[in-house]
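Scroll down for the structure; my scribbles are underneath it.
Chains as they are written, first to last, in the numbering used here: chain A, 92 to 716; chain B, 487 to 861.
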């Protein structure tokens with residue numbers, strides 16, 4: 092597209108200067124989205140390497156590759172990294188980059204909050220990864236049951252870093268969730284009524300609401316843990332009148348909704364990718380949207396199924412078992428909607444489509460094994476065995492990792508402006524798909540054979556050896572598959588074919604603008620007349636009088652939350668270093684606390700508050716005429 | 487409760503093996519389906535032949551659960567194959583191009599969702615849920631219901647055995663209204679066939695989980711709460727179990743042995759275990775007893791009938807009658823006993839048993855001689 096006068100005016104308004112200060116202070120959702128994606132992907136690699144070390148230790152009975160304590164720290168870090176620092180942030184990355192483009196806005200509702208949540212996410216990960224340098228990483232699994240995590244049994248600093256970094260991450264996650272809710276409700280382009288919203292926006296909206304209600308439980312649990320560990324309270328220790336169950340209830344009240352947080356946005360991505368490559372509108376849009384919302388809601392009514400063996404009343408267990416059954420119906424509705432979409436469409440075999448379909452067929456297995464564990468007496472046998480490990484990996488790799496790869500192959504051309512190699516992509520898919528199934532399917536079998544999870548070794552003669560060997564091989568093959576895609580990315584960045592605005596001839600608004608999009612996303616705020624703006628006959632950019640250029644400042648439209656009638660114009664704040672400063676002082680506070688420099692901690696929390704004041708201080712925007 | 491004969495297969499499993507016969511059919515499609523069914527059956531069967539498998543049931547609870555698991559596994563394998571087939575067929579049956587797309591008004595297909603996504607899953611899930619509930623009724627594990635105190639619960643359940651978890655071993659108390667008939671042992675649970683035994687489980691430190699896959703599902707050991715499980719074994723034999731709730735560094739090696747005996751053997755075993763530890767008769771063993779009671783051993787271990795009354799470590803009154811050492815990790819023989827006494831920290835790092843390297847060779851031999859006559 093030729094640079095018009097309007098475009099250069101907008102560029103001047105929106106562009107971040109290419110200086111260090113500009114880089115540190117940017118609030119551009121595209122830049123921050125990519126940073127989220129890159130950071131979360133690095134955590135995937137770190138967590139993946141940890142899992143391979145775990146797998147080497149388990150290859151044979153009685154291996155001595157890792158010490159027992161070393162193994163326990165390693166599997167804990169694998170779980171914590173993957174679940175908290177990879178799975179959710181990578182989806183946030185997609186949402187931060189794509190949601191404004193998909194709904195025709197120029198940024199998120201709170202761009203500085205967006206910068207703050209990115210830095211806080213990064214710093215919380217760094218905080219977590221300080222602990223291994225003391226050889227005292229967290230060592231109690233990702234759900235860190237008390238009383239093992241109290242100082243009596245875990246005197247090291249590992250559990251402190253676990254609790255503190257999760258509190259810090261919780262701040263980031265909550266901020267991002269609020270940002271999504273407001274953006275999706277208020278920044279949709281005129282005409283994008285809630286019934287025309289992309290399904291990815293539905294799932295992001297749902298999980299953002301879930302986060303707002305679920306996250307406080309985890310934050311409270313972590314604060315209680317820290318208070319119990321160092322400040323003499325008795326939330327959890329039974330000697331002081333505390334309760335072992337309190338941690339479990341708080342953790343799983345957060346924990347199970349969280350499973351949907353790292354699952355629903357990925358299904359939302361599939362609900363865009365499968366129709367785009369089936370070359371037809373998705374079958375059952377309303378079914379999927381309602382299922383998504385209900386999954387988020389009912390997700391709050393299933394958490395006790397993690398605790399069927401702790402000794403509860405039959406009626407409590409039955410209610411939560413029924414809840415767990417119900418929620419699987421919502422997933423099967425989505426799966427059938429995707430199947431019908433492919434069936435009724437004319438599929439195009441792209442890499443992205445391979446990953447999307449691959450993820451769904453694995454989700455079928457993960458969903459069914461979930462039903463298996465939802466039947467209470469059966470769960471008594473498979474609970475805490477490798478069957479559960481198989482289940483969570485089929486669900487999380489099936490409905491997070493594979494959709495994320497589908498998303499990368501679909502949207503990277505938009506982000507980088509260059510196409511990825513389809514040949515390498517399909518090779519990567521098959522290697523990953525085969526590696527994953529070879530690596531994880533046998534876990535069902537050894538689980539039923541009685542192999543518990545979280546054991547650093549097992550005796551010979553129980554029949555576990557040969558399966559574990561197969562699993563380890565599969566895990567490495569999966570790693571190779573991921574590596575091929577990383578190579579593909581670098582090849583594409585160097586010499587990929589130019590993508591153009593809409594390489595897939597897809598239907599979403601994000602394909603309306605250049606690849607990569609200009610700093611202001613859209614030259615004209617688009618108008619929307621259907622669920623598939625680029626497939627209908629309506630010209631979204633038709634704006635002969637330049638009414639929707641909005642170049643009187645950093646502006647974007649505000650619309651009503653249901654029908655998306657335009658009601659005003661929002662001013663997007665300028666780049667600022669304050670979010671970074673505030674995030675740094677917050678990290679400093681946690682570090683100072685951890686190193687018992689309480690006066691410094693106090694000073695830093697005051698500084699954090701002051702940075703917040705400076706951030707919020709009323710000021711006049713730069714006038715542009 | 488009628489014990490089931492081992493090897494009995496659920497009706498559903500029988501149907502599926504009939505399915506596998508399709509492998510012999512002439513039509514290629516059918517043959518392929520048959521091969522797949524047979525393969526799935528083999529996969530599942532592969533899980534059946536080991537001591538610790540959940541399918542290797544030796545009691546009605548584990549049996550009924552295994553049956554339901556079988557049925558669900560077969561059903562789910564069939565669903566998976568159907569779904570994978572449908573996706574593959576949908577994907578390959580026709581192709582489009584990126585240049586074209588259906589009109590945005592294209593509709594239809596909702597029936598797929600209503601039937602395949604809603605009706606069929608609801609039906610299957612309801613059946614499974616009810617099956618699960620009936621099993622739950624038949625073989626419950628119990629926590630403490632509202633409104634009952636620990637004492638009232640113990641009264642109601644009348645446990646015969648109390649199992650207490652520790653990092654990383656088990657105390658097993660055989661309870662009796664007559665205190666002279668109660669005794670304590672460790673790491674080796676004995677049960678009679680044919681009679682349900684109520685067991686109370688608890689923990690002295692962190693959470694653990696008691697699990698003998700051949701007999702029943704698992705029940706957690708929770709600080710401050712007693713839980714109850716009823717075990718009924720239908721066949722004699724030795725079954726292994728394992729702590730199934732992560733409990734620290736040596737969680738993996740917190741194992742357990744369950745020895746199921748005929749009622750008469752069991753009564754005889756109880757009789758034996760109630761006796762105090764054998765008084766040593768040979769000079770070696772007598773010297774060994776002196777070492778045991780005067781050295782550090784007696785601070786932690788108990789041998790009834792001697793000065794050793796320690797309570798933080800396994801009761802050794804009848805150590806020689808047990809098959810394994812260190813909670814079912816090492817065989818109970820001379821060399822492992824010696825190694826355990828001198829080098830416990832390398833055999834099971836981080837356990838409470840310290841390395842005791844300062845015994846002379848003679849002292850060590852005496853000590854082992856003493857322990858080995860504690861039948």
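No residue lacks a Cβ here, since even glycine has one placed at the ideal position from N, Cα and C. Quantities reported herein were computed from a predicted structural model and do not represent experimental measurements.
Run the CB neighbour count on residue i, radius 10 Å, all protein chains shown included, and call it buried at 16 or more, exposed below.
| i | result |
| --- | --- |
| residue 226(A) | exposed |
| residue 620(B) | exposed |
| residue 702(B) | buried |
| residue 844(B) | exposed |
| residue 681(B) | exposed |
Return the residue from the list the options that minimises the CA-CA distance to residue i.
| i | options | result |
| --- | --- | --- |
| residue 221(A) | 678(A), 598(A), 329(A) | 678(A) |
| residue 356(A) | 241(A), 179(A), 428(A), 213(A) | 179(A) |
| residue 353(A) | 552(A), 294(A), 245(A) | 294(A) |
| residue 399(A) | 600(B), 617(B), 627(B), 595(B) | 627(B) |
| residue 260(A) | 559(A), 313(A), 704(A) | 313(A) |
| residue 358(A) | 153(A), 250(A), 451(A) | 451(A) |
Using DSSP with H/G/I as helix, E/B as strand and the rest coil, what is residue i?
| i | result |
| --- | --- |
| residue 543(A) | strand |
| residue 795(B) | strand |
| residue 616(A) | coil |
| residue 659(A) | strand |
| residue 72(A) | Within the shown structure, residues of chain A are numbered from 92 to 716, placing residue 72(A) beyond reach of any answer. |
| residue 340(A) | helix |
| residue 468(A) | helix |
| residue 512(A) | coil |
| residue 678(B) | strand |
| residue 165(A) | helix |
| residue 707(B) | strand |
| residue 757(B) | helix |
| residue 553(B) | helix |
| residue 737(B) | helix |
| residue 239(A) | coil |
| residue 651(B) | strand |
| residue 683(B) | strand |
What distance in whole Å lies between the Cβ atoms of residue j and residue i, which are believed to be in contact at a cut-off of 8 Å?
| i | j | result |
| --- | --- | --- |
| residue 695(B) | residue 163(A) | Not confirmed; about 17 Å, so no contact. |
| residue 449(A) | residue 493(A) | 5 Å |
| residue 362(A) | residue 291(A) | 7 Å |
| residue 603(A) | residue 632(A) | 7 Å |
| residue 360(A) | residue 497(A) | 7 Å |
Taking CB distances under 7 Å as the criterion, tell me whether residue i reaches chain B.
| i | result |
| --- | --- |
| residue 160(A) | yes |
| residue 427(A) | yes |
| residue 418(A) | no |
| residue 588(A) | no |
| residue 469(A) | yes |
| residue 591(A) | no |
| residue 164(A) | no |
| residue 335(A) | yes |
| residue 546(A) | yes |
Determine whether the Cβ of residue i lies closer than 7 Å to any Cβ atom of chain A.
| i | result |
| --- | --- |
| residue 588(B) | yes |
| residue 802(B) | no |
| residue 699(B) | yes |
| residue 728(B) | yes |
| residue 568(B) | no |
| residue 554(B) | yes |
| residue 533(B) | Its pLDDT being 42, under 50, residue 533(B) is placed unreliably in this model, and the value from its coordinates should be taken loosely. Chain A contact via Cβ: present. |
| residue 673(B) | no |
| residue 644(B) | no |
| residue 538(B) | yes |
| residue 528(B) | Since pLDDT at residue 528(B) reaches only 48, below the 50 mark, its modelled position is unreliable, and no value is offered. |
| residue 798(B) | no |
| residue 667(B) | no |
| residue 580(B) | yes |
Taking only heavy atoms of the ligand ATP into account, decide whether any of them is closer than 6 Å to the Cβ of residue i.
| i | result |
| --- | --- |
| residue 639(B) | What this structure holds is no ligand at all, so the ligand ATP is not there to describe. |
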